[in-house]
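Heads up: the structure comes next, in structure tokens.
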Amino acid sequence: MNIGNKIKELRKQRGITQEQLADSIGISFQAVSKWENNIALPDITLAPILASYFGVSMDELFDYDSEKIQDHALAIAKESWKYRETNWEKARNIIDEGLKKYPDNDILLLNRLYVMNCEETPDEVIEIASKIIDFSKDDANRYDACGFLASAYKQKNDIESTRKAIDLIPDIRFSNLSTRAVLLEGKEKYDAACDGYLEALYSLMQSIDIISDCNIKNGKYSLAKDTLENGMKVLTALNIRNDWYGFGEKFREKLSKLKNKI
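Numbering follows the numbering used here, in which position 11 of the sequence shown is assigned residue number 16; successive positions increment by one, without gaps.
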């Protein structure tokens, strides 16, 4: 399918006439007619306007094989994961090269957020996260981007916008992973349970980290110490390596500082 046919398909899906489309983007309806009849092509500068108007990516507008593109984007992202914890610059460069090939791809944009410093570049984080939220068709990617958006607004001390970003994330009681683990069988069941286990463990460690910070801030040093020690016991009991997301190192550092306050 060429771009003229794609524009016609998107226009009909939206239930608008050629005249309505033309008025919306500031051109003549004759131009739209020429596109849809494959007599002429849209000016390249109109491509992002059309994509935005129809709520699709540039790739979809040009009717590229979106599934194949997503597979390629994911492969690029996975390559960057190898360096995410040890070499942010290299991980970021891999993503940036991917974005040159697949501009505005939601997988690559989301992975770009993971190798950015929200404290130093909150405005850039807001721009990228907002783009993902507006255009990605993947709920998981959009909700992940909402978390980054909230963090960036928090860095700017914009608490109202932080709350609004958080409210975009649904409060889900039964996750996809937990439901898969309960209802499916074989490898799908096992993989979902393993992924859910790691997600739950990360959430637990993050909560322990936050609760200890709150207790320290409120002068409840003994409670903070107990919370951190329990966190260390969990990591030890589950044989989790000390550098797993830095939780073990962070907990030990806090416990060391608390010795002088109890």
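Built from N, CA and C at the ideal position, the CB exists for glycine as well.
Query: What residue from H77, G152, E41 has the CA that sits closest to D176's CA?; Result: G152
Query: Compare the C-alpha of E24 against each of K87, Q35, W40, R257 and name the closest.; Result: Q35
Query: Mind checking whether S135 and L154 have CB atoms under 9 angstroms apart?; Result: yes
Query: Report all residues from its chain with a CB closer than 7 angstroms to the CB of K266; omit the five preceding and five following residues, and keep chain order.; Result: Y226
Query: Taking S85 and N42 to be in contact with their CB atoms under 8 angstroms, please state how far apart those CB atoms are, rounded to whole angstroms.; Result: The Cβ separation is near 43 angstroms, so there is no contact.
Query: Spatial neighbours of A157 within its chain, please: CB distance less than 6 angstroms, with the 5 preceding and 5 following residues excluded, ordered by chain position.; Result: C123, P127, V130, I131
Query: Between the Cα of K259 and those of L243, W249, K222, R89, spot the shortest distance and give me the residue it belongs to.; Result: K222
Query: Using the three-state DSSP reduction, which class does M6 fall into: helix, strand or coil?; Result: Here the model assigns M6 a pLDDT of 49, short of 50, so the residue's position is not dependable, and the following value carries that caveat. In this structure, M6 counts as coil in the three-state DSSP scheme.
Query: Leaving out five residues on either side along the sequence, give the residues of the same chain with a beta carbon under 7 angstroms from the beta carbon of R147.; Result: I137, I138, S141
Query: Let's test the definition: count the other Cβ atoms within 10 Å of the Cβ of S217 and tell me whether it reaches 16, buried, or not, exposed.; Result: buried
Query: Thinking C-alpha only, which one of N110, V61, G60, E65 is nearest A82?; Result: N110
Query: Quick check: the Cα distance between D163 and K169, rounded to an integer number of angstroms?; Result: 10 angstroms
Query: Quick check: L104 and L66, are their CB atoms within less than 9 angstroms of each other?; Result: no
Query: Which residue marks the beginning of the alpha helix (DSSP H) containing Y250, and which one marks its end?; Result: No alpha helix (DSSP H) holds Y250; DSSP gives it neither H nor E.
Query: Please report the distance separating the alpha-carbon of K106 from that of G31.; Result: 29 angstroms
Query: Return the chain-ordered list of same chain residues with a C-beta closer than 6 angstroms to the C-beta of K13, the five sequence neighbours on each side being excluded.; Result: E41
Query: Give the C-beta separation of M210 and G236 to the nearest angstrom, bearing in mind that I take them to be a contact with Cβ-Cβ under 8 angstroms.; Result: 6 angstroms
Query: Taking the alpha-carbon of T91 as reference, which of D248, F256, K262, G253 has the nearest alpha-carbon?; Result: D248
Query: So which of K17, I112, Y250 has the shortest CA-CA distance to D149?; Result: I112
Query: Can you tell me whether L243 is buried or exposed? The criterion is at least 16 other CB atoms within 10 Å of its CB, across all chains shown.; Result: exposed
Query: Mark M6 as exposed unless 16 or more other C-beta atoms lie within 10 angstroms of its C-beta, in which case mark it buried.; Result: A caution first: M6 carries a pLDDT of 49, below 50, which makes its placement in the model too unreliable to give a value.
Query: Write down the C-beta distance between W93 and V61 rounded to the nearest angstrom, noting that I regard them as a contact closer than 8 angstroms.; Result: At roughly 32 angstroms, the Cβ-Cβ gap does not stay under 8 angstroms, so W93 and V61 are not in contact.
Query: Tell me the start and end of each unbroken beta strand (DSSP E) in the segment 174-215 that is at least 3 residues and wholly inside, in chain order.; Result: none
Query: Starting from Y107, trace the alpha helix (DSSP H) both ways and give me its first and last residue.; Result: It is not in any alpha helix (DSSP H) - Y107 carries neither H nor E in the DSSP assignment.
Query: Buried or exposed for V187, going by 16 or more other Cβ atoms inside 10 Å?; Result: exposed
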